[in-house]
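Working notes, beginning with the structure itself.
2 protein chains.
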Amino acid sequence: MASGVACGLKEDGALDLALLSASPRPVAGAAVFTTNLAAAAPVKVSQEHLERSGGAVGAVVLNSGGANAATGPRGLLDAQQTCEVVASCLGIKAQEVLVCSTGLIGVPLAIGRIKKAIPALCEALGSTPNDATKAATAIMTTDTHPKEVLVKASGFSVGGMVKGAGMIAPNMATMLAMLTTDAEISPSDLKTALSSGVSQSFNELIVDNCTSTNDTVVLLASGAAGPVALGELSDAVGECCGLLAREIAKDAEGTTKMATIRILGAKSKGDARRCARGVAASLLVKTSLYGADPYWGRIISELGASGAAFSPDTVRIAYGTTDVVRFGTEIPHDRDAVRSYLEGKEIEITCDLGLGSDEAQVLTTDLGHGYIDENMRTS
Amino acid sequence: MASGVACGLKEDGALDLALLSASPRPVAGAAVFTTNLAAAAPVKVSQEHLERSGGAVGAVVLNSGGANAATGPRGLLDAQQTCEVVASCLGIKAQEVLVCSTGLIGVPLAIGRIKKAIPALCEALGSTPNDATKAATAIMTTDTHPKEVLVKASGFSVGGMVKGAGMIAPNMATMLAMLTTDAEISPSDLKTALSSGVSQSFNELIVDNCTSTNDTVVLLASGAAGPVALGELSDAVGECCGLLAREIAKDAEGTTKMATIRILGAKSKGDARRCARGVAASLLVKTSLYGADPYWGRIISELGASGAAFSPDTVRIAYGTTDVVRFGTEIPHDRDAVRSYLEGKEIEITCDLGLGSDEAQVLTTDLGHGYIDENMRTS
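First to last, the protein sequences are chains A and B. This note's numbering puts the first sequence at residues 1416 to 1794. This note's numbering puts the second sequence at residues 1416 to 1794.
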């Protein structure tokens, strides 16, 4: 069940307040939050609620139009009051309500408008696709469209919505992702499935390598479809998170394409990840992607600077299926084909370090004029 | 003594080959090289020469128009041969010659042109300011002008030239910096003075946070001015490196301003550095600088994500001399004054963490359309 209303946080009267619930009574819930030590008030309140309720979640209330971060004690009070008003409308406990905010940091919320709109928000809760889309729209900031996905597994399904377009880095993105499933599963298994899904998706996504103050991923399980094996649920949650991460990359602020950086042949998993993140976060690599410029020298330089074990004598680099570097130096290849491959919207760059058998991959985006235009001024 | 000639590595016939020497006989020399594991051939050859000669350096030969990186065994041979031809012209040993290259990665050097031009390059060695400027010009890549500084200390002086405008990150920049002094000092003290100077300057400079394959800083000491105390020399070398680092920041690829990120009140020196680098490397902070947008929320978010001990409750943030945040939230301040301060060419941002007494600072640049234009295509 979902709903979305306009309460006046956004100046243009767009939808800006959303509510999600998996069932009229609280259900098993799990969440992953930002690791940023400047975590926003809603993150702190939600963490505390989840702990106090032992993973029982009746609803999640979300607002765009303000991050409620760096807002001091008043921010904490605002987040807490939001939960209390929702709880009172739905007849559940405040600790069974989670709260998420997104928007500019440092600006206090117009809490009066939120409180005033909550009864109508609760009233509007519905289970049609239109209700879900309204909620997905109400959490948008610089997103250009609502982002929803559905994964159908055997006997149950996992649905998700996400907002996020900037401040996107591993651990995690500036993003709010809400997942629901009808699987029946214990809160602790639910947490396992969610952590595994996040680590394979949102934590392997880099837009600008900035870790936000508000990141939150929530998974609610209604149990309506009956018991499900943990492995099956983990797979479905992982798939759902992966699809949502791709939606973020596709709609990332001012970008024109996305690229998967695949590292093969690393000495360790940690090394593979360091290389993938080093290449994926590189301003020079991202700017080359924007210009469709096959300058692999920047890639080899990032591999060498990543901190991972690396030898230029064993490395192979390919754009798509075309090898351009073997044993650390350029080999003859069809330059025009590579250049036109790089003009595409989805690029794959493979770096085989030739040192072991560990692998990793990270999804990244290009860096071009659109990103500058979108981020150079916020007010 | 210095010289610069055009040997045909650059297509436009510009100066592209330089030679530096502190004295007709080899003198004490020290160097700091890139930590990139994809280090270029000239870096490897210079490291080996410096080790074999015990820090005796007769000359440094430098070329722009090609990095000689990711060029395999042929690249090593080319770097070695360059040293041999210079040594033979100057009547010194090959191991007393260091070699530096800068330009595109992955393209073999036109070594025939270099070898052919070396006799004229050695012949042209001279000690006028014009000779030095020719050398400083011959090492330019995307630099818009030659960069030279002179530090006069009591009884001796330290002169320096540098090239570098992109791929600039701590440990170190894509840059070649050549320093000479007439101080008399042992090779081991010389190394100490250089390391200390580099750590206070080039290692506290971030343009795009990319660590290049070719970074090299060389310091040669002729001894002509007689013995000098290590402390005095370190101070002068540090000052010289600092001035050169500022020259790089001022001329950084496609940027419009530079900013010093000062961290105060950190729990440890490492924490102070982590915070300074996190803020200085942030795409969102750099894009805000470009737009002269006083969005301090991005700064507090980077502090929280830096990995350092941090509390939003104690942090103070100032643009120039104007405090905008105290105890983690915005305080009343003159917004127009801050905005017009941010329109300037040299910005200072102070973050007092309020947790201890350690400090650090990093010099950074903005990120705007010019950077994209300069880096989106290399060919």
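Even glycine gets a Cβ: it sits at the ideal position worked out from N, Cα and C.
- Ranking A:Leu1778, A:Leu1452, A:Ile1715 and A:Ala1485 by CA distance to the CA of serine 1627 of chain B puts A:Ile1715 first.
- For phenylalanine 1725 of chain A, the closest Cβ of chain B is nearer than 9 Å.
- By the rule that beta-carbons nearer than 9 Å mark a contact, arginine 1792 of chain A touches chain B.
- Of the candidates A:Cys1422, A:Arg1754 and A:Ser1726, A:Arg1754 places its Cα closest to the Cα of threonine 1737 of chain A.
- Taking the beta carbon of threonine 1702 of chain B as reference, the chain A residues within 8 Å of it are Tyr1786, Ile1787, Asn1790 and Met1791, listed in sequence order.
- By alpha-carbon distance to glutamate 1789 of chain A, the top candidate from B:Gly1706, B:Tyr1734 and B:Gly1771 is B:Gly1706.
- Around the beta carbon of lysine 1760 of chain B, fewer than 16 other beta carbons sit within 10 angstroms, so the residue counts as exposed.
- Neighbours of glycine 1487 of chain B in chain A, taken as residues whose beta carbon is under 9 Å from its own, are Pro1727, Asp1728, Phe1742, Gly1743 and Thr1744 in chain order.
- Look at threonine 1631 of chain A here: in three-state DSSP terms it is strand.
- Taking the Cα positions, tryptophan 1711 of chain B is about 28 Å away from serine 1614 of chain B.
- Pairing valine 1512 of chain B with valine 1573 of chain B gives a Cβ-Cβ distance that is not under 9 Å.
- Excluding sequence positions up to five before and after glycine 1570 of chain A, its CB lies within less than 8 Å of the CB of Ala1640, Gly1641 and Val1643, all in the same chain and listed in chain order.
- Look at glycine 1575 of chain A here: in three-state DSSP terms it is strand.
- Scanning its chain for C-beta atoms nearer than 8 Å, with the 5 sequence neighbours on each side dropped, one finds around glycine 1719 of chain A the residues Phe1725 and Pro1727, in chain order.
- Taking C-beta separations shorter than 6 Å and ignoring five residues to either side along the sequence, the partners of cysteine 1498 of chain A in its chain run Ala1509, Val1512 and Val1514, following chain order.
- Taking a Cβ-Cβ threshold of 9 Å, the residues of chain B close to isoleucine 1715 of chain A are Ala1453, Ala1484, Ala1485, Ile1520, Gly1521 and Thr1628, in chain order.
- Look at valine 1522 of chain A here: in three-state DSSP terms it is coil, with no helix or strand label.
- Under DSSP, phenylalanine 1448 of chain A takes part in a beta bridge, and its partners are A:Thr1631.
- DSSP, read as helix, strand or coil, puts cysteine 1422 of chain B in coil.
- When the beta-carbon positions are compared, alanine 1443 of chain B and leucine 1635 of chain B come within less than 9 Å of each other.
- Unbroken beta strand (DSSP E) runs of no fewer than 3 residues, entirely contained in the stretch 1634-1675 of chain B, are not found.
- Setting aside the 5 residues that flank it on each side, arginine 1731 of chain A is surrounded in the same chain by Asp1738, Val1740, Arg1741, Asp1767 and Gly1769, each with a C-beta closer than 7 Å to its C-beta; the list follows chain order.
- Beta-bridge pairing by DSSP links lysine 1567 of chain A to A:Ser1572.
- The beta carbons of aspartate 1558 of chain A and threonine 1671 of chain A sit no closer together than 9 Å.
- The DSSP-derived three-state label of glutamine 1495 of chain B is helix.
- Using a Cβ distance threshold of 9 Å, alanine 1775 of chain B and isoleucine 1678 of chain B count as a contacting pair.
- In this structure, the beta-carbon distance from alanine 1651 of chain A to alanine 1568 of chain A falls below 9 Å.
- If you ignore the 5 residues before and after threonine 1765 of chain B, its C-beta comes within less than 6 Å of the C-beta of Arg1677 and Ala1733, all in its own chain and listed in chain order.
- When the five nearest sequence neighbours on each side are left out, the beta carbons in the same chain lying within less than 7 Å of the beta carbon of tyrosine 1786 of chain B are those of Glu1668, Gly1669 and Thr1670, in order along the chain.
- When B:Val1522, B:Gly1518, B:Leu1505 and B:Ala1525 are compared, the shortest CA-CA separation from alanine 1535 of chain B is found for B:Leu1505.
- In terms of beta-carbon proximity, aspartate 1708 of chain A lines the interface with chain B, with at least one pair separated by less than 9 Å.
- Secondary structure note for asparagine 1545 of chain B: its alpha helix (DSSP H) is the uninterrupted segment 1544-1553.
- The stretch 1424-1431 of chain B and the stretch 1548-1555 of chain B touch, with no fewer than 3 CB-CB distances between them shorter than 8 Å.
- For glycine 1783 of chain A, the closest Cβ of chain B is nearer than 9 Å.
- Within the stretch 1750-1762 of chain A, no residue places its CB atom closer than 7 Å to a CB of chain B.
- Threonine 1449 of chain B places its beta carbon 9 Å or farther from that of valine 1460 of chain B.
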